[in-house]
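Working notes, beginning with the structure itself.
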Amino acid sequence: METLKHKPYMKLKGKMKENNIIANDLAHLLNISSTAVLQKINGQSDFFLSEATKIVNEYNWKYEIFLN
82 METLKHKPYM KLKGKMKENN IIANDLAHLL NISSTAVLQK INGQSDFFLS
132 EATKIVNEYN WKYEIFLN
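What follows is the structure in C-alpha coordinates.
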(Lines of atoms letter the chains of each structure in order from A and count residues from 1; the text may use other names and numbers.)
(Lines give C-alpha, C1' and ligand atoms only; values in the text may rest on other atoms or scores of the structure.)
Protein backbone atom coordinates (compact mmCIF):
# COMPACT_ATOMS: atom_id res chain seq x y z
CA MET A 1 0.00 0.00 0.00
CA GLU A 2 1.28 3.44 -0.92
CA THR A 3 2.16 5.90 1.84
CA LEU A 4 -0.23 8.81 2.26
CA LYS A 5 1.06 12.28 1.45
CA HIS A 6 -1.85 13.87 3.29
CA LYS A 7 -5.13 12.94 4.93
CA PRO A 8 -7.98 12.14 2.54
CA TYR A 9 -10.04 15.13 1.44
CA MET A 10 -13.16 14.34 3.46
CA LYS A 11 -14.84 17.70 2.71
CA LEU A 12 -14.35 17.14 -1.01
CA LYS A 13 -15.70 13.59 -0.71
CA GLY A 14 -18.74 14.96 1.12
CA LYS A 15 -19.41 17.62 -1.51
CA MET A 16 -19.07 15.06 -4.26
CA LYS A 17 -21.56 12.73 -2.57
CA GLU A 18 -23.95 15.59 -1.82
CA ASN A 19 -23.93 16.63 -5.49
CA ASN A 20 -23.85 13.14 -7.06
CA ILE A 21 -20.41 13.76 -8.56
CA ILE A 22 -18.16 10.77 -9.13
CA ALA A 23 -14.41 10.53 -9.65
CA ASN A 24 -14.95 10.09 -13.38
CA ASP A 25 -16.67 13.51 -13.52
CA LEU A 26 -13.61 15.17 -11.97
CA ALA A 27 -11.31 13.12 -14.19
CA HIS A 28 -13.10 14.42 -17.27
CA LEU A 29 -12.94 18.01 -15.98
CA LEU A 30 -9.22 17.74 -15.17
CA ASN A 31 -8.31 15.61 -18.18
CA ILE A 32 -6.72 12.92 -16.01
CA SER A 33 -7.68 9.33 -15.19
CA SER A 34 -10.28 8.50 -12.57
CA THR A 35 -7.55 6.47 -10.82
CA ALA A 36 -5.43 9.63 -10.54
CA VAL A 37 -8.41 11.53 -9.13
CA LEU A 38 -9.02 8.83 -6.52
CA GLN A 39 -5.34 8.85 -5.54
CA LYS A 40 -5.51 12.61 -5.05
CA ILE A 41 -8.76 12.48 -3.06
CA ASN A 42 -7.52 9.61 -0.88
CA GLY A 43 -4.18 11.21 -0.01
CA GLN A 44 -1.77 9.22 -2.16
CA SER A 45 -0.96 12.27 -4.30
CA ASP A 46 -2.09 15.87 -4.33
CA PHE A 47 -4.06 18.24 -6.50
CA PHE A 48 -2.20 20.96 -8.34
CA LEU A 49 -3.51 24.45 -7.61
CA SER A 50 -4.74 24.64 -11.21
CA GLU A 51 -6.78 21.46 -10.68
CA ALA A 52 -8.28 22.70 -7.42
CA THR A 53 -9.16 25.97 -9.16
CA LYS A 54 -10.94 24.13 -11.98
CA ILE A 55 -12.97 22.15 -9.45
CA VAL A 56 -14.05 25.13 -7.35
CA ASN A 57 -14.88 27.17 -10.44
CA GLU A 58 -16.83 24.39 -12.17
CA TYR A 59 -18.99 23.55 -9.15
CA ASN A 60 -19.00 26.98 -7.46
CA TRP A 61 -17.43 25.53 -4.30
CA LYS A 62 -14.93 27.11 -1.91
CA TYR A 63 -11.26 26.21 -1.63
CA GLU A 64 -11.89 25.11 1.97
CA ILE A 65 -13.01 21.71 0.64
CA PHE A 66 -9.29 21.05 0.23
CA LEU A 67 -8.51 21.83 3.89
CA ASN A 68 -8.61 19.03 6.41
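Take 82 as the starting number for the sequence shown in my numbering and just add one per residue. Positions of the beta carbon are idealized from the N, C-alpha and C atoms, including for glycine.
Express the C-alpha separation of Ala104 and Leu119 in angstroms, rounding to a whole number. As a working mapping, residue 119 is identified with position 38 in the sequence shown. As a working mapping, residue 104 is identified with position 23 in the sequence shown. Spanning the two alpha carbons is a distance of roughly 6 Å.
Of the choices Phe128, Tyr140 and Ser114, whose alpha-carbon is the least far from that of Lys86? Counting from one through the sequence shown, the residue named residue 86 turns up at place 5. The option with the nearest alpha carbon to Lys86 is Phe128.
Reduced DSSP category for His87 - H, G, I as helix; E, B as strand; rest coil: By 1-based counting over the sequence shown, the position of residue 87 is 6. It is coil, neither helix nor strand.
Answer with buried or exposed for Lys98, where buried requires no fewer than 16 other C-beta atoms within 10 angstroms of its C-beta. Locating residue 98 in the sequence shown gives position 17, where the first residue counts as 1. Classification for Lys98: exposed.
Nearer than 7 Å: is that true of the beta carbon of Gln120 relative to any heavy atom of the ligand MG? No copy of the ligand MG appears in this structure; indeed no ligand is present at all.
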